[in-house]
Amino acid sequence: MGLAPDEARALARRPYDELVADLFASSAAYTPITTAHTVVSGDRYRAMKPTEQFRYRRAGREAQRRLNALWRQRLATTEGCLREKMALFWHGHFVAWTYWSNCTEQYLNTLREHALGDLGTLLKAVSRAPAMLAYLNNQMNRKDAPNENFAREVMELFTLGRGHYTEQDVHEAARAFTGWGFELGTAGFVFHEHQHDFGAKTFRGRTGNFAGDDILDMLLADRRTAEFITRKMYRWFVCPEVDEDFAARMADRFFTSGYDIADLMRFVLTSEHFRDAAMHGRRIKSPAELLCGLDKHFALRFEREEDPMFLQRMLGQVLLDPPNVSGWKEGEGWVDSNALMLRLKLPSALLNMGQLDWEEPGASTGDLDKMAAPDAPLRDAQGRLFRTAPDKAAFLAQLDPAITNEDLFDLLLQVEPSLVLRAGIGRGPLMERVLEILSSPEYQLC
Amino acid sequence: MRRRDFLRSTGLVTTSLLVPRFLHGMGGVLMLNGRKLVVVQLTGGNDGLNTIVPLRSDDYYRLRPKLAIARDLALPITDGVGLNPGMSALRPLFDDGRLCVINGVGYPDPDRSHFRSMDIWHTASGSDTFLDTGWLGRYLDARHTSPHDVVEFGGTLSLANKGERVKALAMNDPARFLQAAREPWFAKLASGGHAAEHQQLGYLYRTMAETYQSAGHIQERLKPRTTSVVFPKTAFATQLRHVSAFIQSGMETSVYYTSAGGFDTHVNQAVKHQKLWTEVGAGIAAFVDDLRAAGLGKEVLVMVFSEFGRRAKENASNGTDHGTAGPVLLIGEGLKKPGAFNALPSLTDLDGNGDLQFTIDFRRIYATLLKDWLGTEPGAVLGGRFDKLPVVG
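Top to bottom, those sequences are chains A and B.
Going by this note's numbering, the first residue of the first sequence is number 291, and it counts up by one from there.
Going by this note's numbering, the first residue of the second sequence is number 292, and it counts up by one from there.
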């Protein structure tokens, strides 16, 4: 997620293998992210007075924002960053969304806890997460009225990928997941025995009295799951154009290790392929990566928690609020004409205390009950879209005042600067040159 | 070895022309005819049954004891069919043959998620297929034109307008957009022309160059409206006011995309829904009046859609839940069959969820608009054959 200049310099002096070992060591510990908001049952909510309901809903939205902010801060912290970045990957893979902050919290912590563990445990835990059960309607999946949403997505998007299962497999798997539900107040998984279909199911050519976990085990036993997920990881961590040879080696490694995520990541990060300079700067930064990188440079501290969410929305990625079950459209999908102009203006706006001459958010996208929607911030009295106090001085203090443009390119960019950028960058004050580099297409790549 | 030197020494760095194709001699947008399509997206799931109201249906009044629109309050348009009382500004358009209602529009195996169903409408996919390009994006691809052939108002670009090679231009306020594109640093990088880059960097510079060129094009042509129709002050009507200025300026843009939100009426729907239609109706009426005053009424067709209609039966909170099929409105002077194109869907033959069964696949309307209005072959854009409807000429 980027490095501050001092961090980058310190790391550059140490052997690569040691850095990778450190990366894993600093991500070994897991601590949950929590907020104090209490979610109540539907009955208790309905018993509230309207004003109480209003306050309760507002507190819920604030808790959702708090989770977004707390996770964003973890993502922008170098200590433990591998765990958080893996969790971000899993968030885009095991996509879920929920209105209730305690379920969002439980879902997020499930991803973070198992981010570097084994895939089987992660898959089974996230399949039981209330956020997932609600998002894919499994709480409505009952013996007498099966709902196939989760059963389909678990195969299409989480494990095998499209084209490797039949409609019959979807029907039968759905039966195996009947009765999987949750209790709202505790955000805990509940198995409703009376709603579960205990009959025999025929799934992918085998017949048995399968329960939900049996289906997940059978999906994990198929090598395609390893192939499907490692290809996605390759595109996410290495390069959008898949090197089939290396991807096959990743799949082998993952499958043979029994889906050990940390082992796979160590394999990738220490490989010659990953270290090859030709593979650097091949990806377009996600909005989360872009914002966290700027945060690392300038220690951005937003005064209002809705402001960074607003920025995330303008850039097209609100953490914990994915667009749909297939996740964000990564890569070139992040950037259209408007988004690119915004990205290039963003560094100077952030450093200008939020003076962003940018279009106001358009017509509301509708009363969709999404956590981001109701609180679009407005310009304050000074015409600022957001309030942040960037630490320019601390950033500049990390740079040699006589630093050359070449060294700035090396420090801030992952790619060779284009001729246009080289020619365009002036001989102005240091901060101005830094801003020009941060406001370039090159800076969008990592 | 420095990373950059290494990069240069590998075969990775390739030379690619960053200037988009349309700048090489083509000049501007390829024009097939002067017609414009204006899409109006109602976000949140518009309640079709309380928009085009089946006044003679006892089932309607039985399913909606609280929410049904009273027979004497609806604005009658045909025998037994009325408009939501909020749509009074659209009523005159119906009276003089500028409004066509296509009822029961949807798709097989409907999805009741806002986001998924909107994606289905945007990408023109089946409900079991995930596409990452939109129908108007592929229209751009097929026409080999520049981004500003399709302009979306409202800030961020919808999936509908993202093609494989070309993505439409999104803006909210044209003045601000043009100002941003003119900024010296942006202009300097965007007009740099040729550079040797790898693929992703090439894509970014190409996007910049296209944005810059499109902004330049718009800048050159955009003039204030010459007409004096007063648009309502809503965000939605403002989008349409910008569209009108673009069209009156003779902009080559063939498709405009606008949206209005708030249609997710789960709770206390009656007042809210009527108010939404008052705003949307007034905006559209001002827009078509404005273009008629400019003598351009015949060139413009408006299509109004929503990602789904709502459940036939009202819920316990004086609202309605996510449903399936709904009406699509076409508004303009070039209609072949104004009025109600087809009958309302049955209120007795509901699906297992208590939802309306669709009678017209929305992709048939897309096919019709592409072929009969915009003069583009729909096959490549929609990736399948969909029979056209005889609604526009």
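Virtual Cβ for every residue (Gly too), placed ideally from N, Cα, C.
- When C-beta distances to chain A are compared with 8 Å, the residues of the segment 501-513 of chain B below that value are E501, T502, S505, in chain order.
- Here the C-alpha atom of B:T334 lies approximately 11 Å from the C-alpha atom of B:L567.
- Under the Cβ criterion of 8 Å, B:G325 is not counted among the residues facing chain A.
- Using a Cβ-Cβ cut-off of 8 Å, A:N628 counts as an interface residue toward chain B, since at least one Cβ of chain B sits closer than that to its own.
- In the structure shown, B:D646 falls within a coil segment according to DSSP collapsed to helix, strand and coil.
- Here B:G666 carries a coil assignment [DSSP, helix/strand/coil].
- Between B:G483 and chain A, the shortest Cβ-Cβ separation is below 8 Å.
- Against chain A, the CB of B:M594 has no partner CB under 8 Å away; the residue lies outside that interface.
- Excluding residues up to 5 positions away in sequence, A349, A353, S391 lie with their Cβ nearer than 6 Å to the Cβ of A:H327 in the same chain.
- Interface flag for B:R473 against chain A is unset, since no Cβ pair is found closer than 8 Å.
- DSSP places B:Y657 in the uninterrupted alpha helix (DSSP H) bounded by 653-659.
- For B:V520, same chain residues with a beta-carbon under 7 Å away, outside a window of 5 residues either side, are A577, D580, D581, A584 in chain order.
- Per the coordinates, the alpha-carbon of B:K453 lies some 14 Å from the alpha-carbon of B:E501.
- Proximity of chain A to B:L358 at the Cβ level (cut-off 7 Å) is not reached, the minimal Cβ distance being about 17 Å.
- Taking A:R452 as the centre and dropping the five residues before and after it, the same chain places the C-beta of E446 closer than 8 Å to its C-beta, in chain order.
- Contact note: B:Y496 reaches chain A through S708, V710, P731, using a C-beta cutoff of 8 Å and chain order.
- For A:P637, the uninterrupted alpha helix (DSSP H) segment begins and ends at 627-641.
- In terms of Cβ geometry, B:L638 and B:P345 form a close pair [threshold 8 Å].
- The three-state reading of DSSP puts B:K679 in coil, since its state is none of H, G, I, E or B.
- The beta strand (DSSP E) runs of length 3 or more contained entirely in the segment 425-508 of chain B are, from start to end of the chain, 441-444, 460-462, 486-488.
- In this structure A:K339 is exposed. Its beta-carbon is surrounded by fewer than 16 other beta-carbon atoms within 10 angstroms.
- Nearest Cα to A:H461 within the set A:D333, A:D487, A:F472, A:A386: A:D487.
- In the three-state scheme derived from DSSP, where H, G and I count as helix and E and B as strand, A:L686 is classed as helix.
- It is roughly 16 Å from the alpha-carbon of A:P577 to the alpha-carbon of A:E596.
- Each residue's CA atom was taken as its position, placing B:P401 and A:S729 some 44 Å apart.
- Interface flag for A:V385 against chain B is unset, since no Cβ pair is found closer than 8 Å.
- Beta-carbon to beta-carbon, A:E622 and B:Y494 are separated by about 6 Å, close enough to satisfy the 8 Å threshold.
- Minimum Cα-Cα distance from A:M604 among the listed residues A:A464, A:L636, A:N614 corresponds to A:L636.
- For B:A551, the enclosing beta strand (DSSP E) begins and ends at 546-551.
- By the criterion of a C-beta distance shorter than 8 Å, B:S608 is surrounded in its chain by H557, V558, N559, once the five residues flanking it on both sides are discounted.
- Three or more Cβ pairs drawn from the segment 530-548 of chain B and the segment 441-452 of chain B lie within less than 8 Å of each other, which places the two stretches in contact.
- Here DSSP, grouped into helix, strand and coil, assigns A:E443 to helix.
- In this structure, B:N375 places its C-beta atom within 8 Å of the C-beta atom of B:I360.
- With fewer than 16 other Cβ atoms inside 10 Å of its own Cβ, A:H484 counts as exposed.
- Under the Cβ criterion of 8 Å, A:L720 is not counted among the residues facing chain B.
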